[in-house]
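To start, the structure under review is shown below, and the notes come after it.
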Amino acid sequence: MAGLKDPLTRLSFVFIIWILTSAAADSPPIIEKDVEGIIASFGDFDSDKLTDVFVISSDGRSFSLLQGFKTEPVLRKNRNWSCTLPKEKDPSEKIVALMPSDFHGMAMMDVLVVTKMEPDHYKLYLMKGNKKSLDCHLPSHFDEFSIIWKSQPLVVDINGDMIADILGITLDTTNNDVKRQVMISGFNATFSQKDMFGGEYVKKVIPEINSNAFVDLNADTIPDLFIEGKDDYEYWLLQDGGFTVNITTGMPRTIPFPKFAVRGTSTFLDINSDGIIDHLIPVCHDSDCDNSAIVMLDEYKWVEVATGFHSPKDDKITYGFFVDDMKIQQFHFPMTLRQADFNGDGYPDLVTLMKPSDEGDPIVVVLFNHLSNSTLPGRTFNAWPAPKPYPNSRRPLLVSFFDAFEDGKPDLLMSTIDKKNPDKIYIDLLINTFMDDACFLKVMVASGLCYDDCSGVKGPNSTPTFEPGGENVLVKGVAYGTNQPGPTICHELVDTEGKRRRGCGGQLTQSAFFPLQMPYIIFGLGSTPNFVDMLTATIPIPNSTITPRTRSWTQIVPDAQVVLIPYPIDDPSQWRSKLFLTPSDMVLSTLITLATICILLIIVIAFLHRKEILEDIAEHEEYKRHWPDSR
């Protein structure tokens, strides 16, 4: 430090430090600082093509939305996007789930709020949205039915009208009758009540914590119903004009639970990109989950596709699934696998919370999907512990994939809890660095109730049905519709090894107990920017028909976000697609390289051309010197 004795040197040093610290201080955070709450779901509330995050407060008495932005911070609070339970409500009633979709047929996103009052007693509230704000008016739209829900419901489209319906098990408070029922939504949030499945199944118990799904179960791309019973799983296929099972399909109606000490919730993904959506469950061989595994349903038998999760740095460290026994208000955090293609190789990966054998706190672990010769589907999962974007004083509570920068790279969004003060729950983000050299295709199927000008979306009396504050909000700019449960999306291409690959996924297939599914599907395309040969979308169909409503598009450009608009819903030949290009780093580097080469060629050509001109001038001067008469 002897050199700093000179006053001018010290002044220069202080100035440099000031510049560096000022730059760091002016750099905005990726998400707004000290954002608190439990991430509950995702959706584009204001139809600006940027995903917003629905957040429940740590005390369970209110919820809000974090608005998505193109510039940092990419997630910010919006004061108009929040609702609070009234003070006169029972303090024990807590918000436990948020399910965004269009429940009143106006091509705008509403929020179904699920509250819990006591064990296995749930109530529903519908908060209407108009892109700009939420209508937080209470009481509930469902009060007229005099029912209590015995579990968190499943958002479905049971009649194929592209308006979200609600399926679950209800308790009729007038006669204590428990049934499986569906609330069918109509224009202006009018609901009708209908029993489901009939016979012995209408009264069959569904456990409070379940992973019911609205997903294609038999590879025909039409969404079916997966129901978790008390002792087995039920597969209800949509065919022959209703949800039933045709004996000729060979699929049994019920499949027993896998026999393990601990069983998590079901996840549905195409593990080996063969066009068939598989059923996966995290399980534990022992009650402490030190010996964990992932099982998959194959030929109606459970087979292990991954087990013995070890640290990539130290084989002595093993990872077991984390079972959260911390009681935080009325929340349940079941053992869940959430899926997306994290490294862009074309095969979906998983993320979950796991507990290392060398420490007590859970950590975020990404389970990478890779080739295997020892498992039936030919794929397995390896553990990669993610770096901590949060201080050591906190631990993760929930983690999910989330495309923060809308660039086709699924990042990791998580809620973390203060270990000393459980009332403090924060939101943190870890940026994806695995897809810098991989291409992608990001696809969303909208509800398709309108296209471009949604002012024509009206109720049954041909008049606008939702005008909060006397202002007609049905104006141009409500683009395409909103979150839609159930569509099946498939893509086909030739991969880098010359093999034809067909990958499929279901959009928003689950809604209860924090599935945290993104409202779009990201397909990794590998490191070669090949065109996608075919992109196919299938939407739910009415129970009265078995004709699929599907359409395919060919030669889709990679590194693109595609919005598919099924409008009109009954005429697939008229369906539209909107493509938004998002060049990857590889494409940009290729363009920069080509531009650099072109500039170098121009410089070389200019140099050679200039050299030739100078040689011509010199030759001409030499000629005139020898032939003076030619002057």
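With the numbering used here, letter number 494 in the sequence shown gets 480, and the count goes up by one each step, no holes. Heads up, the beta-carbon is just placed ideally off N, CA and C, and yes, glycines get one too.
By the Cβ neighbour-count rule, A26 is buried, with 16 or more other Cβ atoms within 10 Å of its own. L98 and A432 have their C-alpha atoms spaced approximately 18 Å apart. Around the CB of E104, fewer than 16 other CB atoms lie within 10 Å, so the residue is classed as exposed.
Annotation: the continuous beta strand (DSSP E) that includes T524 extends over V518 to I525. Between the alpha carbons of I555 and S178 lies a distance of about 22 Å. Here F254 carries a strand assignment [DSSP, helix/strand/coil]. Measuring C-alpha to C-alpha distances from F354 to each of M148, D20, F40 and F420 identifies F420 as the nearest. Considering only G261, K216 and N258, the residue with the shortest C-alpha distance to I241 is K216. Distance from the CA atom of G29 to the CA atom of M169, rounded to whole angstroms, is 22 Å. In this structure, H90 is the residue among K109, H90 and I144 with its C-alpha nearest to the C-alpha of D121.
For the pair P342 and I303, the CB atoms are nearer than the 8 Å cut-off. Secondary structure in the region 265 to 300: no alpha helix (DSSP H) run of 4 residues or longer lies completely within the stretch. Secondary structure at K428: strand, using DSSP grouped into helix, strand and coil.
By the neighbour-count criterion, in which a residue is buried when 16 or more other Cβ atoms sit within 10 angstroms of its Cβ, Q547 is buried.
By the Cβ test, the region 195 to 210 is in contact with the region 135 to 143, since at least three Cβ pairs between them sit closer than 8 Å. With 16 or more other Cβ atoms inside 10 Å of its own Cβ, H477 counts as buried. Per DSSP, reduced to three states, the secondary structure at P558 is helical. The DSSP assignment places complete beta strand (DSSP E) segments of no fewer than 3 residues inside the region 69 to 145 at 80 to 87, 96 to 104, 107 to 115, 133 to 135 and 140 to 142, in order along the chain. Secondary structure at A604: helix, using DSSP grouped into helix, strand and coil. In terms of Cα proximity to D256, the closest of G172, G250, H265 and R249 is H265. Only buried fits T253, as 16 or more other CB atoms lie within 10 angstroms of its CB. Nearest neighbour of P363 by Cα position, chosen from W561, I133, I263 and D38, turns out to be I263.
A direct Cα-Cα distance of roughly 15 Å separates D76 from Y111.
In chain order, F31, D38, S50, L51, Q53, S119 and L120 place their CB closer than 8 Å to the CB of W67, counting only its own chain and leaving out the 5 sequence neighbours on each side. Along the region 322 to 348, the beta strand (DSSP E) occurs as fully enclosed runs of 3 or more residues at 324 to 326 and 335 to 342, listed in sequence order. Taking the C-beta atoms as reference points, V142 is found no nearer than 8 Å to Q316. Assigned with DSSP and collapsed to three states, R239 falls in coil, not helix or strand. In this structure Q541 is exposed. Its beta-carbon is surrounded by fewer than 16 other beta-carbon atoms within 10 angstroms. Counting the other Cβ atoms within 10 Å of the Cβ of I411 gives 16 or more, which makes it buried. Look at I551 here: in three-state DSSP terms it is strand.
Bounds of any beta strand (DSSP E) do not take in C436, whose DSSP letter is neither H nor E. By the neighbour-count criterion, in which 16 or more other beta carbons inside 10 Å mark a residue as buried, R65 falls on the exposed side.
Bridge pairing for C584: absent [DSSP]. Here the C-alpha atom of V188 lies approximately 17 Å from the C-alpha atom of D210. Exposure of V590 is indicated by the presence of fewer than 16 other C-beta atoms within 10 angstroms of its C-beta. Counting only residues of its own chain and dropping the five nearest sequence neighbours on each side, K180 has a CB closer than 7 Å to the CB of Q167, V168 and I170.
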